[in-house]
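Enquirer: In the UniProt record's numbering, the protein residues as written are 1 to 223.
Heads up, the beta-carbon is just placed ideally off N, CA and C, and yes, glycines get one too.
This is the structure I want to talk about, given as structure tokens.
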Ligand SMILES: [Fe+2]
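This is the structure:
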């Protein structure tokens, strides 16, 4: 826990508090692993690591950003197929129990909400940009539709058609407006993955309009 004399700059997360948040989130992910096949510890760990890299690159506070990454998807424990806001109470509880200053916890909660794919814009904070780039990169990884998309369907109780429309609906605008990624390095390294991923999901939308593809999927899911 944070001591009175811990030398930490105002407005950040002390290493001891960070370690406690990490420990608690890991525990929660393990306890609720059965309902987190997509947003489990593997996702949180990836986003935390990449968000820290983006934070060090864009000059925002890595401790705040990495802590935000640790707690950004707690909503999926609270409520299936929910928005980040559904995780606020659990998020604030985890942060408070770890000894994160209340004002910093509020800032972390705000960063999580700012970075949400469905509502983010070109002008979010640098901390939210770092978190968003890491979370968006996970979505755009070429391995995600191949290895993980079916896990998203079962975790959130949605159909392939609903997921395809959600991805294209939420991501195409940001992609075309130029803020799919915020960091210049992420744009340079990963934009072709993002474009390929969006094209793939657009093709899924189109394919599902063919009744024969619909029948095919019905047969597959009935097996
Ligand atoms: Fe996420």
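Are the stretch 35 to 49 and the stretch 111 to 128 touching, with three or more C-beta to C-beta distances below 8 angstroms?
Expert: no
Enquirer: At what residue ranges does the stretch 93 to 172 contain a whole run of the beta strand (DSSP E), taking only runs of 3 or more?
Expert: none
Enquirer: If you measure from each CB to the nearest heavy atom of ligand 1 and keep those under 5 angstroms, what residues do you get, in chain order?
Expert: Matched residues: 73 and 135.
Enquirer: What is the DSSP secondary structure of residue 199, reduced to helix, strand or coil?
Expert: Here residue 199 refers to the residue found at position 199 of the chain shown. Helix.
Enquirer: Could you pull out every residue in the same chain whose Cβ sits closer than 7 angstroms to the Cβ of residue 190, ignoring the five residues on either side in sequence?
Expert: For the purposes of this step, residue 190 is identified with residue 190 of the chain shown, where counting begins at 1. Closer than 7 angstroms at Cβ, skipping near neighbours: 137, 140 and 181.
Enquirer: Which of helix, strand or coil does DSSP assign to residue 223?
Expert: Counted from its first residue, the chain shown places residue 223 at position 223. Three-state result, residue 223: coil.
Enquirer: Let me know the secondary structure DSSP gives residue 61 once reduced to three states.
Expert: Taking the chain shown and counting its residues from 1, one reaches residue 61 at position 61. The answer is coil: DSSP assigns residue 61 none of H, G, I, E or B.
Enquirer: Considering just the uninterrupted stretch of the alpha helix (DSSP H) at residue 15, what are its terminal residues?
Expert: Locating residue 15 in the chain shown gives position 15, counting from the first residue. First-last of the alpha helix (DSSP H) with residue 15: 15 to 31.
Enquirer: For ligand 3, is there any heavy atom lying closer than 7 angstroms to the beta carbon of residue 143?
Expert: Ligand 3 is not among the ligands present in this structure, which contains only ligand 1.
Enquirer: Relative to the C-alpha of residue 229, which residue among 160, 126, 143 and 192 is closest?
Expert: Not covered by the structure: residue 229. The range shown for the chain is 1 to 223.
Enquirer: Taking residue 133 as the reference, give the member of 58, 77, 90 and 150 with the closest Cα.
Expert: One-based indexing of the chain shown puts residue 133 at position 133. Out of 58, 77, 90 and 150, 58 has the C-alpha closest to the C-alpha of residue 133.
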